[in-house]
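Participant: If you read the protein sequences in the order shown, they are chains E and U.
One rule links them: number in this note's numbering = place in the first sequence (from 1) + 1471.
For the record, in the second sequence the residue sitting at position 26 is 14 according to this note's numbering, with numbers rising by one throughout.
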Amino acid sequence: MASAGAGYDLSPTTFSPDGRIFQVSYAQKSVSTSGTSLGILCSDGVVLACEKLKNSKMLLPSSGRRLHSVGAGYACAVTGFASDGRQIVNRAREEVSSYKDTYGILPPPSVLADRLGHYVHYFTLHGALRPFGATATVASYDSDMKECKLHQIDPSGTCHSYYACAAGKGRQGAKTELEKLDLTTLTVEQAIKEAARIVLTTRDEKDKDMELEIATLAEGDKYQFKMCGKEVVSEALKWAGEQLEEDMEEDDDE
Amino acid sequence: ADKFANYAMEDQFHNLKPGEVDAGTSIMAVEFDGGVILGADSRTSTGTYVANRVSDKLTAVHDRVYCCRSGSAADTQAVSDYVRHFLAGHAMELGRLPKVSTAAHLFRNMCYQNKNNLMAGIIVAGWDEVDGGSVHCIPLGGSCVRQPFAIGGSGSTFIYGLCDANYRPGMTREECLEFVRVCLSHAMARDGSSGGVIRTVTI
């Protein structure tokens, strides 16, 4: 593991003999040390959830936001270095604003995601720049086609559209849980609770304290970005806790 | 100061630069359920001389979006060329047909930002899957208004009453075509700067 790069990992402008760019892989690795984030495309909107690991008891609960609004019908979750993620969010805001000024309409989901992909990718091929150590999960509503979309842009600049996606520490477990959900009938209200449950499932006992951030683009809110209030989140966590206890009891009975 | 002396001399050309060609014109566009009809006369004049009696003032900016051009021929051609270029790139990124309102927005931005140097009255009309057929009028100052029908050019001043009297909402495609033909004929009959043939485009 220590000599994985062996000289080919000093700069993102160097390929390794087996065709990899190590700096980009390392950047992706750094994203997976961050708290888990989830995105779920529901029948009536999108839900984004982030597990915010708290390093210190002195931190104000609402600081260190990982969920950001990027425009009226857009939400962006950041996983990885918060500062790198902030850069991507700012760029997304500029893209939305300038697209609206030029074309008179808000950018469709695929266009915004594509542009962010271009932006992130740019930083993987210049000698003086380093790749972003952050993955952006973007939820958007296309008001012309009347549909919601979920995209994820990783440090390599690759951008895909998803039914549900996860990033960060617990993404493997989260992806398994997400695949079990029936997304054709899942509503935003249910998805909020399921997201809380999945985050709790994939946590380690020895993990630090966490705060759960959830944001939605829901039909009921006309697909405008909305951060879920404290009551909604704590209710979801309570429900999730009960679900987990039931599961554990079932295991015990066996 | 010398620059403005020229303009004073050429006053009869209504703010055209010396020697510039005018599309003294009658243009109009009407929306119907499922599309639009654009119409224009075919006279391009330089003062009293008819430079081109068969000109085409209906210009495509994309597959399903056209514009009617009035004012300076050079200005409107330049602006519509720019819009065609930007709209093509935009449609490629979008992956589907662009909205007519987007094309109108591009025209409007350009006409407004350069309003001091342009004389361009443009009507943008076309079809897209979101709004269906739509007509957008962009007069000299660079404002942009979506209307059920729009008229423009020097000849339009003579037919405001005729159009208002004859227009009915919910006309069929054939009725709209007849409406365009009748109104433009009357405009061309009375306006010295409009004449030739009537060209129409149905989208």
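Where a beta carbon is used, it is the ideal one built from N, C-alpha and C, also for glycine.
Since this is a predicted model, take the numbers as computed values, not measurements.
Given this structure, state the Cα-to-Cα distance separating K1697 of chain E from A1520 of chain E, to the nearest angstrom.
Facilitator: The straight-line gap from Cα to Cα measures roughly 12 Å.
Participant: Given a threshold of 16 other Cβ atoms within 10 Å of its Cβ, counted over all protein chains shown, does S1482 of chain E qualify as buried or as exposed?
Facilitator: Classification of S1482 of chain E: exposed, given that the 10 Å Cβ count is below 16.
Participant: Mark M176 of chain U as exposed unless 16 or more other C-beta atoms lie within 10 angstroms of its C-beta, in which case mark it buried.
Facilitator: The residue is buried, with at least 16 neighbouring Cβ atoms inside 10 Å.
Participant: If contact means a Cβ-Cβ distance below 7 Å, which residues of the stretch 60 to 75 of chain U contact chain E?
Facilitator: Correct list: empty, as no residue qualifies.
Participant: Does the distance from the C-beta atom of V168 of chain U to that of G59 of chain U stay below 9 Å?
Facilitator: Not a contact, by the Cβ cut-off of 9 Å.
Participant: Could you name the residues that DSSP lists as bridge partners for D116 of chain U?
Facilitator: Answer is U:G120, bridged to D116 of chain U.
Participant: Alpha carbon to alpha carbon, how far is A1662 of chain E from G1551 of chain E? Give it in angstroms, no decimals.
Facilitator: Their Cα atoms are separated by approximately 23 Å.
Participant: L85 of chain U and Y1574 of chain E: beta carbons closer than 9 Å?
Facilitator: No. Outside cutoff.
Participant: Would you kindly report the start and end of the unbroken alpha helix (DSSP H) that includes V1670 of chain E?
Facilitator: Taken as a continuous stretch (DSSP letters only), the alpha helix (DSSP H) holding V1670 of chain E covers V1659 to T1673.
Participant: Within 10 angstroms of the Cβ of G1478 of chain E, are there 16 or more other Cβ atoms? Answer buried if so, exposed if not.
Facilitator: So G1478 of chain E counts as exposed.
Participant: Straight-line CA distance for V24 of chain U to G121 of chain U?
Facilitator: Straight-line Cα distance between these residues: approximately 5 Å.
Participant: If you compare alpha carbons, which of U:V18, U:G12 and U:T13 is closest to C164 of chain U?
Facilitator: Taking only the C-alpha atoms, the option nearest C164 of chain U is U:V18.
Participant: Quick one: is F1486 of chain E buried, meaning 16 or more other Cβ sit within 10 Å of its Cβ, or exposed?
Facilitator: With fewer than 16 other Cβ atoms within 10 Å, it is exposed.
Participant: Taking contact to mean 3 or more Cβ pairs, one atom from each stretch, closer than 8 Å, check whether the stretch 112 to 121 of chain U and the stretch 71 to 91 of chain U are in contact.
Facilitator: Touching, yes.
Participant: Are the stretch 1671 to 1690 of chain E and the stretch 1698 to 1718 of chain E touching, with three or more C-beta to C-beta distances below 8 Å?
Facilitator: As far as the Cβ criterion goes, the stretch 1671 to 1690 of chain E touches the stretch 1698 to 1718 of chain E, which means the pair count is three or higher.
Participant: Quick check: the Cα distance between G1641 of chain E and V1502 of chain E, rounded to an integer number of angstroms?
Facilitator: Approximately 11 Å, taken between the alpha carbons.
Participant: Relative to the C-alpha of Y1634 of chain E, which candidate in E:A1563, E:L1657 and E:Q1558 has its C-alpha closest?
Facilitator: The option with the nearest alpha carbon to Y1634 of chain E is E:L1657.
Participant: Note down the Cα distance separating F1 of chain U from Y37 of chain U, rounded to an integer number of angstroms.
Facilitator: Interpretation of F1 of chain U is limited by its pLDDT of 46, a score under 50 that renders its predicted location unreliable; no figure is taken from the coordinates.
Participant: In the structure shown, what three-state DSSP assignment does M1681 of chain E receive?
Facilitator: Strand.
Participant: Find out if the Cβ-Cβ distance for the pair F1666 of chain E, V1609 of chain E is shorter than 9 Å.
Facilitator: The residue you asked about is not Phe; residue 1666 of chain E is Ala in the sequence shown. It is not a contact, given that the beta carbons lie outside the stated cut-off.
Participant: Beta carbon of S1508 of chain E, beta carbon of A1638 of chain E: below 9 Å?
Facilitator: Result yes, Cβ atoms of S1508 of chain E and A1638 of chain E sit closer than 9 Å.
Participant: Using only CA atoms, which one of U:A138, U:R161 and U:G143 lies nearest to D152 of chain U?
Facilitator: Among U:A138, U:R161 and U:G143, the Cα nearest to that of D152 of chain U is on U:A138.
Participant: Can you give me the start and stop residues for the alpha helix (DSSP H) that Q1494 of chain E sits inside?
Facilitator: Residues F1493 to V1502.
Participant: Please list the terminal residues of the continuous beta strand (DSSP E) segment that includes H50 of chain U.
Facilitator: Per DSSP, H50 of chain U belongs to the beta strand (DSSP E) from L46 to H50.
Participant: Using the Cβ count rule (16 or more neighbours within 10 Å means buried), how would you classify S1534 of chain E?
Facilitator: By the 10 Å Cβ count, S1534 of chain E comes out exposed.
Participant: Can you tell which of U:D44, U:S181 and U:V112 has the C-alpha that lies nearest to the C-alpha of F146 of chain U?
Facilitator: It is U:S181.
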